[in-house]
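Under our numbering, the residue at position 136 of the sequence shown is numbered 520, and the numbers go up by one with no gaps. Since the structure comes first, as structure tokens, the remarks are kept for the end.
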Amino acid sequence: MPGEAELRTQVAIIGAGPAGLLLGQLLHREGIDAVILERRSADYVLGRIRAGVLESGTVDLIARAGCDQRLRQEGLPHDGVNLCFGGARHRIDLAGLTGGKQVTVYGQTEVTRDLMEARSAAGARTVYEAAGVHLEGFGSSRPLVHFLKGGIAQTLECDFIAGCDGFHGVCRQSVPERAIETFERVYPFGWLGLLADVPPVNEELIYVNHEDGFALCSMRSMTRSRYYLQCPADEKVEHWSDQRFWEALRARLDPEAAAALTTGPALEKSVARLRSFVAEPLRFGRLFLAGDAAHIVPPTGAKGLNLAASDIRYLSEALVEYFNGGSTAGLDAYSTRALARIWKAERFSWWMTSMLHRFPEVGRFGHKIQLAELEYLVSSEAASASLAENYVGLPY
Ligand code: RFL
Ligand code: PHB
């Protein structure tokens with residue numbers, strides 16, 4: 385019969401990125417059924433190289449989902465982070481300034497792989513390569529999600545829809561314009577990233593403010609490095625040979641790091657544009673937005689993935705409260721609770737970006753102000769503590 389639902393679930397999750405997969409796993413552990421619809425293939429999702437730094441709250445949530453075994457073994461706990469400017473490196477003692485808190489270096493790709501494996505071991509339903517996802521009736525008590533799988537039209541009937549489909553997803557775009565407000569800043573530059581199987585230049589991350597532009601030395605393991613360079617927003621990756629990348633990076637580092645840098649062939653190179661973006665509110669009847677579908681931060685504060693996780697913590701608790709406790713209080717509070725934390729991470733990411741990048745329009749005066757701010761930051765315990773508190777993650 386046309387219009388009859390072929391599939392039924394409690395929560396339809398759109399998107400199998402870290403937000404959607406984490407939500408699916410947290411719900412599964414509480415006996416709540418969810419179906420994930422993902423536009424891409426599992427391999428494609430795993431091929432995207434993205435974030436690398438997890439807050440302890442994110443690690444705790446992954447543990448709650450039962451997916452932290454490999455993370456505990458292979459993740460690298462970091463007690464500090466380094467700022468390099470004026471050719472000298474300064475360490476921020478994250479643990480010392482936050483009563484012992486750390487961050488864990490573990491790639492988003494690995495988080496995603498662990499969550500995918502747990503989901504398939506649990507026999508939970510994920511539809512990869514689901515095309516033409518289309519939402520209907522989320523303002524009513526019977527939302528429907530239509531999609532095509534292998535050219536066959538299907539309909540998923542559900543109680544709630546979780547829009548975890550990233551910045552370019554369909555969920556936010558399904559909301560009538562008058563019901564949603566957006567706030568945005570697009571930065572006039574991007575990041576060129578390179579992944580290589582070489583030992584990291586330093587045991588901890590180094591964020592660099594240099595005349596040539598920002599640079600970041602990060603890692604995935606003690607044998608795999610991830611480096612970034614500030615570049616024009618429309619930069620073409622083809623213009624960057626491995627050799628050009630390594631030379632440009634070396635030129636932005638302090639002498640000790642420049643001497644220690646090991647180079648090698650790139651496993652991956654890509655350009656990402658930098659943007660700050662927030663949509664308000666995050667709830668539209670029975671549709672909830674979470675993760676990059678709701679907000680984007682420039683990666684300078686390492687907050688994108690962590691913010692997706694904190695949304696999912698609030699949303700999963702609210703859904704559990706509804707299905708297992710019969711209360712709508714958490715669902716009613718979701719948007720306000722999540723947005724309060726989102727705006728603080730937006731502020732921190734904007735501030736780190738502003739302090740560390742070359743902005744063509746601010747001129748020499750702007751650069752002097754950046755250096756004064758960095759000098760203040762590394763010489764004042766109060767200022768260092770503020771950075772540390774935000775970097776390890778504000779409380780939920
Ligand atoms: P994701 O990871 O984008 O996942 C969304 C999923 O939804 C799917 N999708 C759809 N599925 C069905 N139907 C549709 N119509 C759909 N439209 C989209 C997509 O295929 C995808 O699988 O969002 P999520 O789960 O909210 O996770 C957020 C994080 O991925 C993100 O915040 C971070 O990776 C941001 N980010 C970075 N953050 C950092 O902290 N450090 C980084 O170095 C860093 N690098 C990056 C990044 C984000 C990037 N993007 C979004 C282009 C580099 C890039 C290139
Ligand atoms: C990364 O390792 O990819 C990474 C680390 C810290 C950031 C951004 C990206 O701020």
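Just so you know, even glycine gets a beta-carbon here, dropped at the ideal spot from N, CA and C.
Proximal residues to residue i (C-beta, below 7 Å), its chain only, five neighbours per side dropped
i: Gly-553; result: Ile-398, Gly-399, Gly-547 and Ala-677
i: Gly-516; result: Phe-531 and Leu-532
i: Tyr-612; result: Trp-575, Leu-576, Gly-577, Ala-599 and Leu-600
i: Ser-763; result: none
i: Thr-712; result: Tyr-706
i: Thr-647; result: Val-582 and Trp-630
Spatial neighbours of residue i in its chain, beta-carbon cut-off 6 Å, leaving aside the 5 residues before and after
i: Leu-445; result: Ala-693 and Arg-697
i: Arg-434; result: Gln-492
i: Glu-652; result: Ile-433 and Leu-579
i: His-518; result: His-530
i: Tyr-490; result: Leu-438, Leu-455 and Gly-459
i: Arg-473; result: Asn-466 and Asp-638
Unbroken beta strand (DSSP E) run spanning residue i, endpoints
i: Thr-539; result: 536-541
i: Lys-653; result: 650-664
i: His-530; result: 528-533
i: Glu-520; result: 514-520
i: Gly-480; result: Premise fails: Gly-480 lies in the alpha helix (DSSP H), 478-481, not in any beta strand (DSSP E).
i: Cys-325; result: The structure shown does not extend to residue 325, since the chain spans only 385 to 780, so no value can be given for it.
i: Gly-547; result: 544-547
The ligand RFL heavy atom lying under 6 Å from the CB of residue i
i: Cys-548; result: yes
i: Gly-688; result: yes
i: Glu-494; result: no
i: Ala-599; result: no
i: Asp-444; result: no
i: Val-582; result: no
i: Leu-578; result: no
i: Val-592; result: no
i: Pro-616; result: no
i: Ala-722; result: no
i: Glu-422; result: yes
i: Asp-463; result: no
i: Val-655; result: no
i: Ala-449; result: no
Sequence-distant residues of the same chain with beta carbon closer than 8 Å to residue i, five excluded per side
i: Gly-550; result: Gly-399, Gly-401, Gly-675, Asp-676 and Ala-677
i: Pro-386; result: A caution first: Pro-386 carries a pLDDT of 48, below 50, which makes its placement in the model unreliable, though a value can still be read off. Cβ neighbours of Pro-386 beyond the five flanking positions: none.
i: Asn-586; result: Asn-466, Cys-601, Ala-641 and Ala-644
i: Leu-691; result: Gly-675, His-679, Val-681, Arg-725, Ile-726 and Ala-729
i: Thr-482; result: Ala-769, Ala-772, Glu-773 and Val-776
i: Ala-766; result: none
i: Ala-449; result: Leu-406, Gln-409, Leu-410, Arg-413, Leu-499 and Ala-502
Where the alpha helix (DSSP H) through residue i begins and ends
i: Phe-749; result: 747-763
i: Arg-497; result: 492-505
Any heavy atom of the ligand PHB nearer than 5 Å to the CB - residues listed: Residues whose Cβ lies closer than 5 Å to any heavy atom of the ligand PHB, listed in chain order: Gly-436, Val-437, Ser-602, Arg-610, Pro-683 and Ala-686.
Hey, which unbroken runs of the beta strand (DSSP E) at 3 residues or more fall wholly within the region 577-639? As summarised for the region 577-639, the continuous beta strand (DSSP E) elements at least 3 residues long and confined to that stretch are 590-592, 599-605 and 608-615, given in chain order.
Which runs of the alpha helix (DSSP H) at least 4 residues long sit entirely within the region 678-726? Give them in chain order. Listed in chain order, the alpha helix (DSSP H) elements of length 4 or more contained wholly in the region 678-726 are 688-709.
Please give the ranges of any alpha helix (DSSP H) in the region 390-456, keeping only runs that are unbroken, at least 4 residues long and fully inside the region. Entirely contained in the region 390-456, the alpha helix (DSSP H) runs reaching 4 residues are, in chain order, 402-413, 426-431 and 440-448.
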